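These notes concern the structure reproduced below.
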Amino acid sequence: MPPVTTKRTAAQGPFFVTVRGTHLRVLFSRYRDNQRTTIHLSDIETGEPYATATVNIPELPLKSTEVFVKDYSENEGVLEALERAGIVRHTGRRIRCGFVEVPICELLIDTEEDQ
50 MPPVTTKRTA AQGPFFVTVR GTHLRVLFSR YRDNQRTTIH LSDIETGEPY
100 ATATVNIPEL PLKSTEVFVK DYSENEGVLE ALERAGIVRH TGRRIRCGFV
150 EVPICELLID TEEDQ
């Protein structure tokens with residue numbers, strides 16, 4: 050997929066991804082404690098929550114245009130799906146959080162005006 054050169058806005062959605070054969074809608078909101086962007090995935094067919102694609106690590110610095118993507122355990126494959134859909138781009142940086150490494154990703158959707 051060619052790189053995204055202009056950021057899309059959340060208002061241009063809806064956005065969709067497929068994770069392990071399940072078709073999902075991408076929803077954006079904010080963590081209450083620090084207002085960082087959070088990405089939620091819900092099942093297109095049932096509307097039920099599927100996963101929270103991000104993890105909040107308030108004690109670690111993060112640019113306002115970045116998110117920590119949870120791509121381990123039950124969320125395995127989420128990062129690849131979000132990248133394929135042009136939602137995020139992995140920066141190549143990871144941070145250690147407990148027993149896992151969490152990828153730091155650039156958010157390719159501008160969520161500022163919609164939050």
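The numbering used here numbers the first residue of the sequence shown as 50 and each following residue consecutively.
Glycine included, each C-beta is placed from N, C-alpha and C at the ideal position.
Quick caveat: nothing in here was measured; it's all calculated off a predicted structure.
- prompt: Is the CB-CB distance between VAL137 and VAL118 below 8 Å?
  reply: Translated into the one-based positions of the sequence shown, residue 137 becomes position 88. Translated into the one-based positions of the sequence shown, residue 118 becomes position 69. Against a cut-off of 8 Å, the Cβ pair of VAL118 and VAL137 comes out as a contact.
Problem set entry | Alpha-carbon to alpha-carbon, PHE65 and ALA130 | Here residue 130 refers to the residue found at position 81 when the sequence shown is read from its first residue. Here residue 65 refers to the residue found at position 16 when the sequence shown is read from its first residue. CA-to-CA, the gap between ALA130 and PHE65 works out to about 9 Å.
Kindly indicate which residue of ILE158, ALA60, ASP159 and LEU111 has the alpha-carbon position closest to the one of PRO152. The residue you call residue 152 lines up with position 103 of the sequence shown. Of the listed residues, the one whose Cα sits closest to PRO152 is LEU111.
* Considering only residues of the region 55-113, which uninterrupted beta strand (DSSP E) runs meet the minimum length of 3 residues and lie entirely inside it, listed in chain order? -> As for any beta strand (DSSP E) of minimum length 3 sitting wholly inside the region 55-113, the runs are 64-68, 71-79, 86-92 and 98-101, ordered along the chain.
Name the residue from TYR80, THR71, TYR121 and HIS72 whose alpha carbon lies nearest to the alpha carbon of THR160.
In the sequence shown, residue 160 corresponds to position 111, counting from 1. Of the candidates TYR80, THR71, TYR121 and HIS72, the one whose C-alpha sits nearest the C-alpha of THR160 is TYR80.
- Item | Sub-8 Å separation of CYS146 and ILE106 beta-carbons | Numbered from 1 along the sequence shown, position 97 holds the residue referred to as residue 146. Numbered from 1 along the sequence shown, position 57 holds the residue referred to as residue 106. Result yes, Cβ atoms of CYS146 and ILE106 sit closer than 8 Å.
### Task
Use the C-beta contact count for THR58: other C-beta atoms within 10 angstroms, 16 or more gives buried, fewer gives exposed.
Taking the sequence shown and counting its residues from 1, the one referred to as residue 58 is at position 9. It counts as exposed.
At which residues does the alpha helix (DSSP H) containing THR132 begin and terminate?
-> In the sequence shown, counting from the first residue as 1, residue 132 sits at position 83. Looking at the sequence shown, residue 132 is not Thr but Glu. Element bounds for GLU132: 127-133.
Notebook entry, point to check: Using the C-alpha atoms, what's the distance from LEU76 back to PRO63?
Noted result: In the sequence shown, residue 63 corresponds to position 14, counting from 1. In the sequence shown, residue 76 corresponds to position 27, counting from 1. PRO63 and LEU76: Cα-Cα distance of roughly 8 Å.
Exercise. Note down, in chain order, each residue of its chain lying with its Cβ closer than 8 Å to the Cβ of LYS56, except the 5 sequence neighbours on either side.
Key: Within the sequence shown, the letter at position 7 stands for residue 56. Its chain contains LEU157, ILE158 and ASP159 as the residues whose beta carbon lies nearer than 8 Å to that of LYS56, once the 5 sequence neighbours on both sides are disregarded; these appear in chain order.
Review point. Taking buried to mean at least 16 other C-beta atoms within 10 Å of its own C-beta, is THR95 buried or exposed?
Key: Along the sequence shown, one-based indexing puts residue 95 at 46. Its Cβ having fewer than 16 others within 10 Å, THR95 is exposed.
N- and C-terminal bounds of the beta strand (DSSP E) containing ILE136:
What you label residue 136 is simply residue 87 of the sequence shown in a count that begins at 1. Counting along the chain, ILE136 falls outside any beta strand (DSSP E), and DSSP gives it neither H nor E.
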